[in-house]
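Participant:
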Amino acid sequence: MSKKPGIPKGTRDFSPVEVAKRQYIMSAIKKHFETFGFQPIETPSFENSETLMGKYGEEGDRLIFKILNSGDYLSKVDDTVYDDRNSTRMTKFISEKALKYDLTVPFARYVVMHQNEIDLPFKRYQIQPVWRADRPQKGRFREFYQCDADVVGSNSLWQEVEFVQLYDAVFNELKVDGVTIKINNRKILSGIAEVIGAKDKLIDFTVALDKLDKIGEEGVKKEMLAKGISEEAIDKVQPLFSFSGSNENKLDQLASLLSNSEEGTKGVEELGFIIDAINTLGLKSSKLELDVTLARGLNYYTGAIFEVTAPENVKIGSIGGGGRYDDLTGIFGLKGISGVGISFGLDRIYLVLEELGLFPDVLEDTIDVLFINFGEQEALASLKAIGSLRAAGVKAELYPDAAKMKKQMGYANKRNVPFVVMIGGEELANNTAVLKNMTEGTQETLNMDELSKAFKK
RNA sequence: GUGGUUGUAGCUCAGCUGGUUAGAGCGCUGGAUUGUGGUUCCAGAGGUCGCCGGUUCGAACCCGGUCUUCCACCCCA
Numbered sequence: 004m005s006k007k008p009g010i011p012k013g014t015r016d017f018s019p020v021e022v023a024k025r026q027y028i029m030s031a032i033k034k035h036f037e038t039f040g041f042q043p044i045e046t047p048s049f050e051n052s053e054t055l056m057g058k059y060g061e062e063g064d065r066l067i068f069k070i071l072n073s074g075d076y077l078s079k080v081d082d083t084v085y086d087d088r089n090s091t092r093m094t095k096f097i098s099e100k101a102l103k104y105d106l107t108v109p110f111a112r113y114v115v116m117h118q119n120e121i122d123l124p125f126k127r128y129q130i131q132p133v134w135r136a137d138r139p140q141k142g143r144f145r146e147f148y149q150c151d152a153d154v155v156g157s158n159s160l161w162q163e164v165e166f167v168q169l170y171d172a173v174f175n176e177l178k179v180d181g182v183t184i185k186i187n188n189r190k191i192l193s194g195i196a197e198v199i200g201a202k203d204k205l206i207d208f209t210v211a212l213d214k215l216d217k218i219g220e221e222g223v224k225k226e227m228l229a230k231g232i233s234e235e236a237i238d239k240v241q242p243l244f245s246f247s248g249s250n251e252n253k254l255d256q257l258a259s260l261l262s263n264s265e266e267g268t269k270g271v272e273e274l275g276f277i278i279d280a281i282n283t284l285g286l287k288s289s290k291l292e293l294d295v296t297l298a299r300g301l302n303y304y305t306g307a308i309f310e311v312t313a314p315e316n317v318k319i320g321s322i323g324g325g326g327r328y329d330d331l332t333g334i335f336g337l338k339g340i341s342g343v344g345i346s347f348g349l350d351r352i353y354l355v356l357e358e359l360g361l362f363p364d365v366l367e368d369t370i371d372v373l374f375i376n377f378g379e380q381e382a383l384a385s386l387k388a389i390g391s392l393r394a395a396g397v398k399a400e401l402y403p404d405a406a407k408m409k410k411q412m413g414y415a416n417k418r419n420v421p422f423v424v425m426i427g428g429e430e431l432a433n434n435t436a437v438l439k440n441m442t443e444g445t446q447e448t449l450n451m452d453e454l455s456k457a458f459k460k
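Numbers in our numbering are just positions in the first sequence, counted from 1, shifted up by 3.
1. For Gln411 and Met425, what's the separation of their Cα atoms in angstroms?
2. What whole-angstrom Cβ distance do Gly323 and Val154 have, given they're in contact under 8 Å?
3. Between which residues of its own chain and Phe276 is the CB-CB distance below 7 Å, once the five residues before and five after are set aside?
4. Under 8 Å, with one C-beta from each stretch per pair, do the region 114–131 and the region 78–93 reach the 3-pair mark?
5. So, at 8 Å on beta carbons, what are the nonlocal neighbours of Leu254 in its own chain, with the 5 sequence-adjacent residues on each side left out?
6. Quick check: Phe68 and Ala136, are their CB atoms within less than 7 Å of each other?
7. If distances are taken between C-alpha atoms only, which option among Asn450, Leu215, Ile10 and Ser30 comes closest to Arg299?
8. Between Ile232 and Phe362, what straight-line distance do the alpha-carbon atoms span, to the nearest angstrom?
9. When the Cα of Asn72 is compared with those of Ser52, Gly360 and Ile97, which residue comes out closest?
10. Just the C-alpha distance for Tyr148 and Lys141, rounded to the nearest angstrom, thanks.
11. On the DSSP bridge assignment, give the partners of Gln149 in chain order.
12. Use the C-beta contact count for Phe17: other C-beta atoms within 10 angstroms, 16 or more gives buried, fewer gives exposed.
13. Would the beta-carbon of Phe41 fall within 7 Å of that of Ala152?
14. Okay, do the region 307–319 and the region 200–219 touch, 3+ Cβ pairs below 8 Å being the bar?
15. Restricting to Cα atoms, I'd like to know which of Lys33, Ala384 and Tyr414 is closest to Asn433.
16. Ordered along the chain, which non-local residues of its own chain (more than five positions away) have a Cβ less than 8 Å from that of Gly444?
17. Decide if Val22 is buried, meaning its Cβ has at least 16 other Cβ atoms within 10 Å, or exposed.
18. Bridge partners of Gly326, per DSSP?
19. May I ask which residues mark the beginning and end of the beta strand (DSSP E) holding Phe374?
20. Quick one: measure Cβ to Cβ for Asp329 and Thr305, integer angstroms, because I've assumed they're closer than 8 Å.
21. Per the DSSP calculation, Met441 is bridged to which residue(s)?
22. Applying the criterion that 16 or more other CB atoms from any shown protein chain within 10 Å of the CB defines a buried residue, is Ala229 buried or exposed?
23. Can you have a look at Thr209 and say buried or exposed, based on whether 16 or more other CB atoms are within 10 angstroms of its CB?
24. Specify, as a first and last residue, the run of the beta strand (DSSP E) that Met425 falls within.
25. List the residues that DSSP assigns as beta-bridge partners of Arg143.
26. Whose C-beta lies closer than 7 Å to the C-beta of Met4 among residues of the same chain, with five residues either side of it excluded?
27. My assumption, with CB atoms under 8 Å, is that Asp371 sits in contact with Phe422. Please give the rounded CB distance.
28. Of all the beta strand (DSSP E) runs that stay within the bounds of the region 62–130, which reach a length of 3 or more residues?
29. Given a cut-off of 7 Å, decide if Leu373 and Leu386 are closer than it, judged by their beta-carbon atoms.
30. Under DSSP, the alpha helix (DSSP H) around Ala280 begins and ends at which residues?
31. Specify the secondary structure class of Lys398 as computed by DSSP and reduced to three states.
32. Here's the rule: buried if 16 or more other CB atoms are within 10 angstroms of the residue's CB, otherwise exposed. What is Ile10?
33. On the criterion of 16 or more Cβ atoms from any shown chain inside 10 Å, does Ser341 qualify as buried, or is it exposed?
Given below as structure tokens:
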């Protein structure tokens, strides 16, 4: 048993059916990325560690897969570092490359490196695997695909509006009804923190607030207190805990709550613009929801924050996310370039479609016709016929061995092949072929011309 | 990284409080049917019970470790 091969934790093999289903999702995403004007790029599977490390917070560093240096990497390690036996500190001496953790940071690196060849605003999309050294659980893998679309070089809020439409277009195409596109704005969160006098605790505050739907009001308050946020401060944000009504309604409440904060007011304005525009333009099947508790994601979001959640009856959490980052390329030395983008979680969308039974049946791909193998001469004649069928776009194959009929027929049967052609001794002599319909069980003898015509649609 | 959970034939799973040769269904191979599948019937192959160690006269079953699965936390797609 132990001799059996295995694959690493959190990785998967994909069978032909699974690949077909994944491609179905990917092509829907790709189609809309392209109709929205995005162009594809690809970046390497692994980057220099320094490109990735420190970009996702402390937690992120832990989850980055590090690649061991080639050669005799230990001999180059300094004695003091070696004797220290501190893994974190040792890492940079024995590993200088790492598997990419997301598509956004490598994209920022790409923009900086290729700034002279890019025309701004630059709209790119990217569909590639990423890796995280996380513990697997439902909808969470160590290798998974992200499908990202980002725009750099434009501060326009119309981009945000278009991304909402893009999410809607893709999920509508995939026939997933009832997707919620949640939207928030970092400036609103900062504004709230400012108004309650906890500006220095912005991250702790937002992380706690984000858990509202999970641990409830009391839980959130408890966590905030534990993080050193005062009771008066928590009292001031009380309205947030029972935030309800229409998006416009929420905006009004936020506007008055944040009237003393310049930044917060800006955030309310930005959100108002996006929500107004979407109200006028309309969405096909998703709904846009202002959610002040939304604080997910990376520390670099500065404006809009997006998160897409699956329809209520599917418990999978978020299937996409994104936001605006005013200065992402700044970390690589290119200041003043704003970016905004969204991401689709392919593997999670797959689980949603599977659970809702939304994959089309036609994805079960098979060949159109199997030729039974009766021996050398017969196989040769079969391959002649197969050649002209293939030229006409028919998926045809010859059973490779002159095995027993039962076996060959059984193979056709198991692969759901709709037609079988038999060219045996008799047919060989008469230059004919027997075409059998496997679902009806009927068959007829045809000459070669009639055979190729039979498959013309 | 923390806590819990799972592992028996190719697959899905039984297996009593530890007691002789570990079972079923499906699948697989062969035959009934030497050029006609999906149905039926008959026969057969296939397991060092995840791995390592311990307790015991005796371990699939108890204990420890390890790997794997799934779940929750952290975090996230």
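Backbone N, C-alpha and C fix where the C-beta goes; we use that ideal spot for every residue, glycine too.
Computed from a predicted model, the values in this text were never measured in an experiment.
Facilitator: Quick answer:
1. As a first step, residue 411 is located in the first sequence; it is residue number 408 there, counting from the start. As a first step, residue 425 is located in the first sequence; it is residue number 422 there, counting from the start. Going from the Cα of Gln411 to the Cα of Met425 covers about 11 Å.
2. The count along the first sequence starts at 1 and reaches residue 323 at position 320. The count along the first sequence starts at 1 and reaches residue 154 at position 151. At roughly 16 Å, the Cβ-Cβ gap does not stay under 8 Å, so Gly323 and Val154 are not in contact.
3. Within the first sequence, residue 276 is the residue found at index 273, counting from 1. The answer, listed in chain order, is Leu160.
4. no
5. Reading the first sequence from its first residue, position 251 is the one you call residue 254. Counting only Cβ-Cβ distances below 8 Å, and skipping sequence neighbours, we find Val271, Leu274, Gly275, Ile278 and Leu293.
6. What you label residue 68 is simply residue 65 of the first sequence in a count that begins at 1. What you label residue 136 is simply residue 133 of the first sequence in a count that begins at 1. Their beta carbons are under 7 Å apart, which means Phe68 touches Ala136 by this criterion.
7. Locating residue 299 in the first sequence gives position 296, where the first residue counts as 1. Cα-wise, what sits closest to Arg299 is Leu215.
8. Start at 1 with the first residue of the first sequence, and residue 232 comes out as number 229. Start at 1 with the first residue of the first sequence, and residue 362 comes out as number 359. Cα-Cα distance, rounded: 48 Å.
9. For the purposes of this step, residue 72 is taken as residue 69 along the first sequence, with counting starting at 1. Checked all of Ser52, Gly360 and Ile97; the closest Cα to Asn72 is Ile97.
10. Within the first sequence, numbered from 1, the residue matching residue 148 stands at position 145. Within the first sequence, numbered from 1, the residue matching residue 141 stands at position 138. Approximately 15 Å, taken between the alpha carbons.
11. Translated into positions along the first sequence, residue 149 becomes position 146. Gln131 and Gly348.
12. The count along the first sequence starts at 1 and reaches residue 17 at position 14. Burial call: exposed.
13. The residue given as residue 41 occupies position 38 in the first sequence. The residue given as residue 152 occupies position 149 in the first sequence. Cβ atoms of Phe41 and Ala152: closer than 7 Å.
14. no
15. Along the first sequence, read from residue 1 onward, the residue named residue 433 stands at position 430. When each option's Cα is compared against that of Asn433, the closest is Ala384.
16. As a position in the first sequence, residue 444 is number 441, starting the count at 1. So no residue of the chain qualifies.
17. Taking the first residue of the first sequence as position 1, residue 22 is located at position 19. Looking at its Cβ environment, which holds fewer than 16 other Cβ atoms inside 10 Å, Val22 is exposed.
18. Here the question's residue 326 lines up with position 323 in the first sequence. DSSP lists Ile308 and Gly344 as partners of Gly326.
19. Position 371 of the first sequence, counted from the start, is the residue given in the question as residue 374. It spans Val372 to Ile375 - the beta strand (DSSP E) in which Phe374 sits, taken as one unbroken run.
20. Indexing the first sequence from 1 puts residue 329 at position 326. Indexing the first sequence from 1 puts residue 305 at position 302. That belief holds up - the Cβ atoms of Asp329 and Thr305 are roughly 4 Å apart, short of 8 Å.
21. On the first sequence, residue 441 is found 438 positions in, with the first residue counted as 1. Partner(s): none; Met441 has no beta bridge.
22. Residue mapping note: residue 229 aligns to position 226 of the first sequence, counting from 1. So Ala229 ends up on the exposed side.
23. Working through the first sequence from its first residue, we reach residue 209 at position 206. With 16 or more Cβ atoms within 10 Å of its Cβ, Thr209 is classed as buried.
24. Sequence index remark: in the first sequence, residue 425 carries index 422 (1-based). Taken as a continuous stretch (DSSP letters only), the beta strand (DSSP E) holding Met425 covers Phe422 to Met425.
25. On the first sequence, position 140 is the one that residue 143 refers to. Bridge partners of Arg143: Gln140.
26. Taking the first sequence and counting its residues from 1, the one referred to as residue 4 is at position 1. Residue placement at Met4 cannot be trusted, given a pLDDT of 35 that sits under 50; what the coordinates show is reported in the next sentence. Answer for Met4: no residue qualifies.
27. The residue you call residue 371 lines up with position 368 of the first sequence. The residue you call residue 422 lines up with position 419 of the first sequence. So it is a contact: roughly 6 Å between Cβ atoms.
28. 100–102
29. The sequence position of residue 386 within the first sequence is 383, counting from 1. The sequence position of residue 373 within the first sequence is 370, counting from 1. In this structure, Leu373 does not lie closer than 7 Å to Leu386 by Cβ.
30. Here residue 280 corresponds to residue number 277 of the first sequence, with the count starting at 1. Note, Ala280: alpha helix (DSSP H), Glu265 to Leu284.
31. As a working mapping, residue 398 is identified with position 395 in the first sequence. Coil.
32. As a position in the first sequence, residue 10 is number 7, starting the count at 1. With fewer than 16 Cβ atoms within 10 Å of its Cβ, Ile10 is classed as exposed.
33. Translated into positions along the first sequence, residue 341 becomes position 338. With 16 or more other Cβ atoms within 10 Å, it is buried.
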